[in-house]
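J.: Below is a structure I'd like to ask you about.
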Amino acid sequence: MMEGRRRMDAALLVLFLGHLATALEVPLDLLKGLPQPPTITHQSPKDYIIDPRENIVIHCEAKGKPHPSFSWTRDGTHFDIDEDPNVNMRPHSGTLEVDISRERVDQYEGVYQCTARNKHGTAVSNNIVVRQSRSPLWSKERIKPIIVQEGVSLVLECRPPAGLPPPIIFWMDNNFQKLPQNRRVSQSLNGDLYFSNVHREDSRDDYICYARFPHTQTIQQKQPITVRVLNQAPVDERKPTFLIPSGPSSSKMVLRGQVLEIECIAEGLPTPDISWSKVSGDLPARRTFFLNYNKTLRIINVSESDAGDYRCMAKNQIDSVHHTIHVTVKAAPYWIGGAPRNLVLAPGENGVLTCRASGTPKPSIRWFMNGILIENSPGDLSRKVEDDTIIFTDVQIGSSAVYQCNISNDYGYLLSNAFINVLSEPPRVLTVANKVYQVIKNHQALMDCSSFGSPIPKITWFKDSRSSTLDGDPFILHDNGTLEIRVAQTQNSGKYTCVARNILGIYENHVYLEVKEPTRILKQPEYKVVQRGRSVVFECKVKHDTTLIPTMTWLKDDGELPDDERLIVDSDSLTITDVTENDAGVYTCIMNTTLDQDSASAELTVVERPDPPTDLELTDQKKRSVQLTWIPGDEHNSPIQKFLIKYQDSLHHRGHWHNLTEVPGTKTTAHLKLSPYVHYTFRVLALNEVGLSEPSSPSRMYKTDPAAPDENPTGVQGFGTDHNNLVISWKPLSGLQSNGPGLHYKVMWRQQRPGSDWTQVTVANNSKFVVSGTPTFVPYELKVQAINDHGHGPEPATSLGYSGEDLPQTAPENVQAVVINSTLAEVHWDPVSPHSVRGHLRGYKVSYWRKHSDHKHNHETLIFSGNHTHGMLPGLHPFSLYYFHVQVFNGKGDGPPSPTQHFRTPEGVPGPPTSLVVTNTNLDSLTLEWSPPHEHNGHITGYTLRFQPVNNSNELGTTEELALAANETSVTLPNLKYSTRYKFYLNAKTIAGPGPAITQEAVTIVEEGNLQTSHPIARSPPRHPTHKVGPVSPFANLSSSVGEDGALISWEYWGPEKNVYVEYIVDNSESEEWQKELVNGSQNVKLKDLKVGLSYRVRVVANGHHDQPLHFSKELLVTVPAVASRQVDIATQGWFIGLMCAIALLILILLIICFIQRNKGGKYPVKEKEDAHTDPEFQPMKDDDCTFVEYSDNEDHKPLKGSRTPSNGTVKRDDSDDSLVDYGEGGDGQFNEDGSFIGQYSGKSASRDTAEGHESSEAPSPINAMNSLNSFV
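This is the structure in C-alpha cells:
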C-alpha cells in the first residue's frame, strides 16, 4: 500500500517538474559565451558501409563551452589514434580519417564510438558499425540449355552472390535490352524469372541475369541461359498453382516504419490473374500499392495495425487457388514524445529528464552520466532515477553533467545525450532589436521575445506609451514570451516593448508591427472555350497594399508556363495567341507579396472542328438498302452533334456528292435506303459546335440492280402556245429515279367530255409534247407514265390542261363613272360572257387620261384582276375632264375596248404659290412678290398672307393676316418694326378652300451712315420654290447678307442636336479644308474672316452623338465684293469712273478761275455765267479743249443703282446758276469764296420712274462723287 502511494507521488512530481522543465529549454546556438556541457551535433550512421576504394571517414562533431576534446573506442576498447600512422583526427573535431592506401580496408572494420568531453560533462556517440561494401563475382558455371514443352511453367534462377548491401537484380539480353515482362512472365523479389506458361516465342539463348551493387557502382553478369520451347503436342488447360510461395500459407515479419513486400506468382493455362485481400480487415488505401502485374503487394510505412493475414488469389477460366501470408510487425525502439532535451536550471530550481520510448518487444532502459552507468557514478542527493525519468530537486552549482539514455530490444537501440546546466544569469532578450513585423489584416500576428536568464525571466509587453501591460483581449502572451494577436487590425500597428526580468536584472527590447491590407484578386480569370488558331485572354486584376511589392506569376496545370512567345504575360492578364490543343489546361494567376498571396484559376478548353470519320464499312447489303458503319474522329473537346452522310452516283453524276441522310452524333451506324441502278460511294462528315469536319475517305462502291420505275413524272400540265395546239409538259425523272436504262415516257391525252378516247405517244429524251389541230381553249385530261427496259412505272395520275387561248371577242358594256370627290372616281361595267373570253379570264383594264388643250396626256391604266365589275381611280387632278374605256384580257392578250366615256372632277384646293420673293427691304417696310400656283385646281378666288415677327430664340410673335385679290402678285407692307426678322406665309384659295402655303423670311435693316438702302436677310431663289413637304434635312431657308463687317448667315433649324456650327470654304478650292464657325444656340452667325473678291460655299452642320451621322444643310454660294457694300455699286463701272474724273477736273478749273478773279480784285460774274449757259442739260467737259459736249449713256439711260438722278436728265437750279449744285441726300450746302456769302444750292427730288421699279433717282453731287471715288482707292 505504501509502495503504491510512493509511486503515485513520484508520478505527480514528474508531471509537475516536467511542466517546469519545458519552460527552461533554450536553443543551444543562442547560448554563446555561456558554460555548456558537450553536445554531439553530427555523427556517422549506426550501420556505416564504406567503399573499399576510398579513404574511410568516420564523423563525430560536438560543441560545448569550453570546446570539448574527443576520444574513440573500437570494439569496446580504447582506440589510440596516435599509435596508428594511417589514422588522423581533424583539428577541433572528433572526425577520423583513415588512409587505406597502405593498409587493407578490412583491418578497420569494427564497432566505433566517439566521446566528447569538457569540464562540465561527457557526451558519447552511437555505436558505429563500420563495414566495407562487397560485390563478389559470379562463379563461372556452365548452364545447360533448358528444353521445355509449350504451355508448361518455367523458373529461371538468378541466385546472385551475396553482397553488402544486397544487389539490385534485372534481366537483359545480349544487346543490353530489358527482357519484356507481362502477366505471364515476371521477375520475383528474389530476382528469379517466372513463366506462368511458356510460348514458342520464349525460345532464345540470351536470358542473362545482372546484379548491380550500388555502393561500388559495379554490375555483375551471370552466364546466359538458353531456353528451347517444343511444340510436340498440345497442352491441356489447367487450373492455377502457386510457384511462390509454396503451400497453402506462409509467414512474413516486418519492422514498424519499414516497407512490407509480399508476393504470389502462380502458373496455369491460361495465365491466371492475381488479386489481394486482407483477411482481418481492409488494406490501407493510401499506403498500398500493387506491383509486378498485381503479383506483389507493397505497404509503405508499416504500423502495428498492418499485422494480420493477407490472402492472394490466383484465378483463370478453369479454377482459382488461394494462399495466406501471416504478417507479424515488430518494432525497434522509437521515441514517444521525442528524445530527452537539454535543461538549463538556476541554483535551487527543480527539473526533470524524460526518456520515454516504445518497441516490440518492450525495450529496456539504461541511464548513464558522462558515459558511465549511473549506478557506477558518484551519488547526488538532488538526483533521483525513476525508470525512464530522472528527477532533479534543489540543484546547485557543480551539478552540471551530460546524461545518456540507452533504450534497446532485439531489433535495435536508441541512444540520446541530454545535459543539465546549472547557471546564474541576468535576463537577456535574444530577439533582434527594432525588428519590424509585417502581417496582413485579419491574420494572426506573432511578435517574438525570445529570452534567456537563470532563473527564467518573466516577460511583459507594452505598446507605445506603456500605460498598461498587454495581457488581455485581443493580446495573448505565450509561455515562451511570444505576444499573439489572433486577428490583427490596422489600429494594432505601432511600437511594442518586450521586458524580461528576473532577480538578477531587467532587459528591454523594442519591435514594430505593421498591419497591411490583404492582397485580393478582384477580377478572376474565367473559363474559356476557344477555337484552335485564335487568341484568348485571361484577366487577373488584383488589389494589394501599396507598400508591398507585388509579383504576378502564372502557372499552367500547377507548373511553369511553357517557354513560348505566343504566351504574353502583362501586368494583369495572360494572352495566348494562335491557340493550339497543347494550350488546353488549368491556368492559375498567383499574386505574391512578401506577406501573402492570392490565386485564382480558370480552365482553357481548346475546341476545333472534328476530325473526319474513318474506317467506313458496308454491311447487311440488300437490293434497296445497306448498313454503313464508321469510327468517329477526334471531336476536339466539342461533342459531335450529328453525322452527315453523302453519296456519289458514279453512273449518272460522277464527281457530284449529294446529301443522303443525317444521324445523331451518338451513333456510328446508319441504315441507308437506296435506289435501283445506282453506283453508290459514301462518305461521312462530322459536325460539332465549331463546324463541319473534312469528309471521310470514300467507302467502297456499292452497285444496286436495275428495276422498273417506282414513280412517274411530276408537274404534268397542258397549255397552248397557239389558239389551235396543246403543249403537254412534265418534270422528267432524274438518273437516280430512272431505276434502270432505256428511260422513256408514254404521253396520253383526251378531251374532257363523255365518250372521248385516249390518244397516246411515246417520247424519249424530252419533257414535252405538242398536240396540233386542237379547238380553241378546250379542257383536256392528261397522263404521263415512265417506262424503262425493265418495265412500266405505276398507273399515272390524271391532270387537267387546256388548249391554246385566243383574244377576247367582246368589250364590257354599260360602262359608267361615278365621281366621288375632286381626286377619286369609281368606274362600273357589266362582265363579258365567259364564252367570249376564249381563254382564262385574267381581269379587266381601265385606261383613262386627262383632257387638256384638246390633247391626250398622261395615259394611265389600272388592272383589276379576276372577274371584277367596278374599280376605283385614285390620284385624279381636281377641276379636270377625264376620258376612259374598259377592256377584258386573258392569257393571250386584251379584248376590244368599250366606247370611250368621260367625267369631270370638281374644283380642289390649289397648290402653293410658285415663288415668294422679298424686295425693297427698308427700315420699316418691304415688298413681297409672288407667282400664282402651278396647279390652280379651280378658279383662284384670292390669296391669304400671314406674317409674324421672330426673335433671336426663334419664338414667334403675334400673327397678322391680310386678304389679297386673285389678280395681285405683289404687296408692300409698311409700318414694320425696325431691325426685325419676319416670317411670311402665303397661300392661294379656290371655292374648295385654301391650299398649302409657301414661306419666306426677311429682316428690316437699321440705317448705317449715308447708306439708305438695304437688302433683305433672306431671298428665295426665283427658279426654285422654297415650299416643300416634309424636308429630309432639318435645315430650311438658308440665306446670306453681305455687309462691310462680314457676311450674315441665317437659317431655320428644327433638329434635336445641340451642337450646330457653320462651315465655309473658298469655291472651287481643292487643297483647302472647311473652316468652322460655332453658333452658340442662335440661328444666325456673322462670318468676319472672309476675303474680299472671293466666293465661298457655306453650309450649316448639326452634329449629334458619335454614332449618329452629321446633318448638312444645302450649300449657299456667298460672294464678297472688292469693296464691302450693302448693295451692288456702280462705282466699279468704267464709264462711271470716267465721268467722275471729268467732274473732278471741271471743279479744279472752276477753283483756279475763282482764285485768279479774286487776285485781280474782281467779283465772280454770276449773271453772265447764267446767261452763257442756257442749255438745261448737264454737259461734261472735253479733255482736249475744256469745252462742254453732250454726254449720253448708250445703254438704256437707266438711273444708277444706289444713286439719285433726275428722271429727265436735267439739273434744276435755284436762284443762281453760277453755283456748285449739291447732289446729295437733299441736305443744304454752302461755299465761301472770299468771305462773302455766295448762295445756297439744293438738289430737288424728281418724280419716280414707275418703269424702273418705283426707285428714287437724283443726279450725284460732285463732292459726293469724289468721296465715292476716294472710297475705291
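Heads up: the sequence shown runs through residues 283 to 1555, numbered per my numbering.
Idealized CB from N, CA, C, for every residue including glycine.
Quantities reported herein were computed from a predicted structural model and do not represent experimental measurements.
#1: Decide if the stretch 712 to 720 is in contact with the stretch 683 to 690; the criterion is three or more beta carbon pairs, one per stretch, under 8 Å apart.
#2: Roughly how many angstroms separate the alpha carbons of Val868 and Pro895, rounded to a whole number?
#3: Quick check: Leu969 and Lys904, are their CB atoms within less than 8 Å of each other?
#4: What are the boundary residues of the beta strand (DSSP E) that includes Leu573?
#5: Closest to Lys1127 by C-alpha separation, out of Ser1118, Gly1148, Gly1022, would be which residue?
#6: Is the beta carbon of His605 less than 8 Å from the beta carbon of Pro506?
#7: Can you check which of these residues, Pro1195, Arg1120, Gln1098, is closest to Met1154 by C-alpha distance?
#8: With DSSP run on the structure shown, which of helix, strand or coil describes Gly1420?
#9: Which runs of the beta strand (DSSP E), 3 residues or longer, sit entirely within the stretch 635 to 669?
#10: Looking at Gln325 and Cys342, is the spacing between their C-beta atoms short of 8 Å?
#11: Kindly indicate the opening and closing residues of the alpha helix (DSSP H) around Val1119.
#12: Terminal residues of the continuous alpha helix (DSSP H) containing Gly1017?
#13: Could you spell out the range, first to last residue, of the beta strand (DSSP E) harbouring Ile332?
#14: Output needed for Thr1251: all residues of its chain with C-beta closer than 8 Å, excluding positions within five of it in sequence on either side, in chain order.
#15: I'd like the list of long-range same chain contacts for Ala1245, defined as Cβ closer than 7 Å, with 5 residues on each side in sequence excluded.
#16: Name the residue from Met1030, Ser1081, Tyr1062, Gly1086 whose alpha carbon lies nearest to the alpha carbon of Asn1007.
#17: In angstroms with no decimal places, state the Cα-to-Cα distance between Phe352 and Leu697.
#18: Could you work out which residue in Asp880, Thr911, Glu863 is closest to Pro892 when comparing CA atoms only?
#19: Should His402 go down as buried or exposed, given a rule of 16 or more other Cβ atoms within 10 Å for buried?
#20: Per DSSP, Lys1271 forms a beta bridge with which residues?
#21: Confirm, please, whether the CB-CB distance from Lys805 to Gln720 is below 8 Å.
#22: Bridge partners of Lys904, per DSSP?
#23: If you count every other CB in all the chains shown that lies within 10 Å of the CB of Phe964, and 16 or more means buried, which is it?
#24: What's the call for Trp743, buried or exposed, on a 16-neighbour Cβ count within 10 Å?
#25: Do the CB positions of Gly1193 and Pro1278 come within less than 8 Å of each other?
#26: Go ahead and label Val609 buried or exposed: buried means 16 or more other beta carbons lie within 10 angstroms of its beta carbon, across all protein chains shown.
#27: In angstroms with no decimal places, state the Cα-to-Cα distance between Lys1013 and Ala1046.
#28: Do Lys1028 and Thr1041 have their beta-carbon atoms positioned less than 8 Å apart in this structure?
#29: If we call anything under 8 Å between Cβ atoms a contact, is His826 one with Thr887?
#30: When the Cα of Leu786 is compared with those of Leu1268, Thr671, Glu1142, Lys740, which residue comes out closest?
#31: For His760 and Ser750, I'd like the C-alpha separation in whole angstroms.
#32: Is it buried or exposed for Gly358, if we count other Cβ within 10 angstroms and need 16 for buried?
#33: According to DSSP, is Cys687 part of a helix, a strand, or is it coil?
#34: Does the separation of the CB atoms of Val430 and Val480 fall below 8 Å?
#35: Which of the three DSSP states, helix, strand or coil, is assigned to Val387?
#36: Could you give the first and the last residue of the continuous beta strand (DSSP E) run that contains Thr404?
T.: In short, the structure shows the following:
#1: no
#2: 29 Å
#3: no
#4: 570 to 573
#5: Gly1148
#6: no
#7: For the residues Pro1195, Arg1120, Gln1098, the minimum Cα distance to Met1154 belongs to Gln1098.
#8: In the three-state scheme derived from DSSP, where H, G and I count as helix and E and B as strand, Gly1420 is classed as helix.
#9: 639 to 642, 646 to 651, 665 to 668
#10: Taking C-beta atoms as the reference points, Cys342 and Gln325 count as a pair closer than 8 Å.
#11: Taken as a continuous stretch (DSSP letters only), the alpha helix (DSSP H) holding Val1119 covers 1116 to 1119.
#12: Per DSSP, Gly1017 is one residue of the alpha helix (DSSP H) stretching across 1017 to 1020.
#13: Ile332 -> beta strand (DSSP E) spans 329 to 332.
#14: Glu1211, Trp1212, Ser1213, Pro1214
#15: Gly1224, Thr1226
#16: Ranked by Cα distance from Asn1007, the options Met1030, Ser1081, Tyr1062, Gly1086 are led by Gly1086.
#17: 18 Å
#18: Glu863
#19: buried
#20: Gly1224, Pro1276
#21: no
#22: Answer is none; Lys904 lacks a bridge partner.
#23: buried
#24: buried
#25: yes
#26: buried
#27: 13 Å
#28: no
#29: no
#30: Lys740
#31: 18 Å
#32: exposed
#33: Cys687: strand per DSSP, three-state reduction.
#34: yes
#35: helix
#36: 403 to 406
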